[in-house]
Amino acid sequence: MQRRFSLSSITVLDGLAVAATVAALAGVVWSPKLTNAVARATGSVKPVEVSVDVRHLQVVDSEAFLEGIREEGAVSIVIRNQPAGRVALLSVEDISRPLTQLLPDGTVLEAEDTSPARGLHARFRLKADAETGPSGVVFGGTKLKVGSPVELEGRLYRVNGVVSGVALP
Numbered sequence: 015m016q017r018r019f020s021l022s023s024i025t026v027l028d029g030l031a032v033a034a035t036v037a038a039l040a041g042v043v044w045s046p047k048l049t050n051a052v053a054r055a056t057g058s059v060k061p062v063e064v065s066v067d068v069r070h071l072q073v074v075d076s077e078a079f080l081e082g083i084r085e086e087g088a089v090s091i092v093i094r095n096q097p098a099g100r101v102a103l104l105s106v107e108d109i110s111r112p113l114t115q116l117l118p119d120g121t122v123l124e125a126e127d128t129s130p131a132r133g134l135h136a137r138f139r140l141k142a143d144a145e146t147g148p149s150g151v152v153f154g155g156t157k158l159k160v161g162s163p164v165e166l167e168g169r170l171y172r173v174n175g176v177v178s179g180v181a182l183p
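Start counting the sequence shown at 15; every next residue gets the next number (this note's numbering).
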């Protein structure tokens, strides 16, 4: 005698087991690591250079601060409050503008602004692998465009800045 399968023989535990299996498969399919691996295999992941400008940063010794960042060589980046990992630091430079004065004879005089209230303006140049497509650059699962707020974090600092440039080398 052969038993026939009927829906009435399915228990709640069977339903939960099927739901757990479907959830696990969905997690594997939509996994960021799997998506990144597929993006690498298809060639849509390319090296990207990003410039981030940080303004009005109050530090005691700006040159020592910038040198410490350069020695570290990498920063953690957070884009729109979403951690995006650690990226290589190509350079960091002081982009503070000098004070300018137009003299009556038509010459322009430039001088360094030494007032502590002004703060440090710095440009971080970062390099990382990002997914590129028709909608732009996707970095750490978040679209990265000029004007996007980002947070850079190192061993001894955490600063907020704005993306000022995105380039594909």
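No residue lacks a Cβ here, since even glycine has one placed at the ideal position from N, Cα and C. All figures in this text were calculated on a predicted structure; none of them were measured in a lab.
How many Å lie between residue 110 and residue 136 at the Cα? Residue 136 has its alpha-carbon roughly 7 angstroms from the corresponding atom of residue 110.
Over what stretch of residues does the beta strand (DSSP E) that includes residue 82 continue unbroken? Run containing residue 82: none in the beta strand (DSSP E); it sits in the alpha helix (DSSP H), 76-86.
May I ask whether a heavy atom of the ligand GTP can be found less than 7 angstroms away from the beta carbon of residue 152? Ligands are entirely absent from the displayed structure, and the ligand GTP is therefore not among its contents.
Tell me whether the beta-carbon of residue 88 lies closer than 8 angstroms to the beta-carbon of residue 103. Yes. Within cutoff.
Quick one: what's got a C-beta closer than 6 angstroms to residue 151's C-beta in the same chain, skipping five residues either side? Once the five neighbours on either side are set aside, the close Cβ partners of residue 151 are 62, 144, 158, 180.
If the criterion is Cβ atoms closer than 8 angstroms, does the pair residue 182 and residue 66 meet it? By the CB criterion at 8 angstroms, residue 182 and residue 66 fall outside the cutoff.
For residue 146, which option in 106, 32, 28, 60 has the closest C-alpha, if you only look at C-alpha atoms? Of the listed residues, the one whose Cα sits closest to residue 146 is 60.
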